[in-house]
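> Sequence positions in the sequence shown follow this note's numbering and run 9 to 125. All C-beta atoms in this analysis are idealised placements derived from N, C-alpha and C, irrespective of residue type, glycine included. One structure is given below, represented as structure tokens, and several questions about it will come after.
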Amino acid sequence: MTTVPRFDDLIHPGTRLTLVATLAAADWAEFSYLKETLGLSDSALSKQLSVLENAGYVATERRLDGSRHKVHARLTDAGRVAFDGHVAALRAIVDGAGRADQGLDDAGAGVSRRTAR
9 MTTVPRFDDL
19 IHPGTRLTLV
29 ATLAAADWAE
39 FSYLKETLGL
49 SDSALSKQLS
59 VLENAGYVAT
69 ERRLDGSRHK
79 VHARLTDAGR
89 VAFDGHVAAL
99 RAIVDGAGRA
109 DQGLDDAGAG
119 VSRRTAR
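Following this line, the structure appears as structure tokens:
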């Protein structure tokens with residue numbers, strides 16, 4: 009299956025991008041693991057998960073672990089497609105910047121190189 013590059017404004021902010029990338033590497037992740045890995049407070053992580061869950065990108069569930077309920081999160085299929093598309097779009101942007109730099113010697117006009125100070 010080919011990934012279609014698609015920049016996703018919802019995923020792009022740094023904290024959400026890191027959260028989604030972390031979830032992309034796992035089937036499920038515990039809230040406490042995500043909190044520690046991302047260095048977020050309970051409320052900040054809850055807010056980010058809620059935004060992603062409302063968009064259909066993340067699913068959460070409460071699981072009983074001994075006598076305590078623990079929240080687990082995972083990417084949905086839609087979340088995985090959005091993340092893969094966003095990563096492909098970022099790669100295309102970066103690759104395009106490299107090609108633009110290579111073309112400066114040929115074209116020369118319209119773009120000036122950044123010089124070291």
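1. What number of angstroms, rounded off, separates the C-alpha of F39 from the C-alpha of V59?
2. Can you look up T11 in the DSSP assignment and give me helix, strand or coil?
3. Quick check on this structure: which residue in S51, D16, G74, R88 has the alpha carbon closest to the alpha carbon of A67?
4. Can you tell me which of the three DSSP states A34 falls into?
5. How many angstroms separate the CA atom of R14 from the CA atom of D92?
6. Between the Cα of V12 and the Cα atoms of A100, A105, K78, which residue gives the shortest distance?
7. If you follow the beta strand (DSSP E) that L72 is in, where does it begin and where does it stop?
8. Where E61 and D103 are concerned, what is the direct C-alpha to C-alpha distance, given to the nearest angstrom?
9. For A105, decide whether its Cβ has a neighbour in chain E, counting only Cβ atoms nearer than 9 Å.
10. Using CA coordinates, which residue listed in T26, P21, R82, A86 is at the minimum distance from T45?
11. Judging by CA-CA distance, which residue of S75, A96, T84 is the nearest neighbour of A34?
12. Buried or exposed for L72, please, with buried defined as at least 16 other CB atoms from any protein chain shown within 10 angstroms of its CB.
Inspection of the coordinates gives the following:
1. Rounded to the nearest angstrom, the two C-alpha atoms are 15 Å apart.
2. T11 falls in the coil class under three-state DSSP.
3. The shortest CA-to-CA distance from A67 to any of S51, D16, G74, R88 is the one to R88.
4. For A34, the three-state secondary structure derived from DSSP is coil.
5. Taking the straight line from one Cα to the other gives about 9 Å.
6. Selected option, being the one with the closest Cα: A100.
7. Secondary structure note for L72: its beta strand (DSSP E) is the uninterrupted segment 66-73.
8. So the two alpha carbons sit approximately 31 Å from each other.
9. The question asks about chain E, but that chain is absent: this structure has only one protein chain.
10. The candidate whose alpha carbon is nearest that of T45 is T26.
11. Nearest to A34 by alpha-carbon distance, out of S75, A96, T84, is T84.
12. Counting every other CB atom within 10 Å of its CB across the protein chains shown gives L72 a total below 16, marking it as exposed.
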